[in-house]
Amino acid sequence: MRFFVSGEHYRKVLLHTCILLFLGYLVLFAVSAALMYFNHMDLSPASVVDYYLGNEAEFRPPRSYQSLLEVSHFHLFAQGMLAMTLVHLLLMTELPVWLKIGLGATAFFSAVANEAAGWLVRFVHPAFAWLKVGTFLALEGALLLLVLCIGGSLLRPVGRPRPWHRKR
Numbered sequence: 044m045r046f047f048v049s050g051e052h053y054r055k056v057l058l059h060t061c062i063l064l065f066l067g068y069l070v071l072f073a074v075s076a077a078l079m080y081f082n083h084m085d086l087s088p089a090s091v092v093d094y095y096l097g098n099e100a101e102f103r104p105p106r107s108y109q110s111l112l113e114v115s116h117f118h119l120f121a122q123g124m125l126a127m128t129l130v131h132l133l134l135m136t137e138l139p140v141w142l143k144i145g146l147g148a149t150a151f152f153s154a155v156a157n158e159a160a161g162w163l164v165r166f167v168h169p170a171f172a173w174l175k176v177g178t179f180l181a182l183e184g185a186l187l188l189l190v191l192c193i194g195g196s197l198l199r200p201v202g203r204p205r206p207w208h209r210k211r
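Position 70 of the sequence shown, counted from 1, bears residue number 113 in the working numbering, the numbering being contiguous throughout.
Rendered as structure tokens:
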């Protein structure tokens, strides 16, 4: 933590390498998450409805309470930890505060809303399929932007202090 706060992380090649490898791993994670999503659904609400409510023509049963609960249990913990880790790294960059807050909030809220959307489609109303599609895109976009912002701050040469970091 002190490496980021003090600015020493610009001189720490090992720390840079570790964080950049982690970010590379997250790119692979985001790609695999997208592939898993598109293996079951596409970006149309109809495909989301078919996935959660089943499709008799394709002999696909509706998602059960138990299966949704098992997936949500894992996702809520894992995505929360991932968002917290990325936002923590983002907070140590020299980016404007408004961007940190916006990206952090988008990451957390889109992860929770994406989980909730599946439940809403299955047990409340099929119209929530739009929410599932939108939150999936928001979550993937937030992860990509977090990786780019953090990676960019590590690769950027040390410069002058940014106006939003000046002490008043």
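C-beta: ideal position from N, C-alpha, C; glycine also.
| task | Figure out for me which residue from GLY195, LEU129, GLY161, ALA181 has the closest Cα to the Cα of PHE152. | result | ALA181
| Same chain, Cβ closer than 7 Å to MET84, five either side skipped, listed in chain order | SER90, VAL91, TYR94
| said: Quick check on the DSSP output: what are the complete alpha helix (DSSP H) runs of length 4 or more inside the segment 82-156, in order along the chain? | reply: 88-96, 108-134
| message | So, with DSSP's three-state summary, where would you put HIS168? | response | Secondary structure of HIS168 (DSSP, three-state): coil.
| What's the C-alpha gap between ARG165 and LEU133? | 35 Å
| message | With the cut-off set at 7 Å, would you say PHE171 and ASN157 are in Cβ contact? | response | no
| task | Using beta-carbon positions only, say whether LYS175 and ALA160 come within less than 7 Å of one another. | result | yes
| query | Does the beta-carbon distance from TRP173 to PRO105 come in below 7 Å? | reply | no
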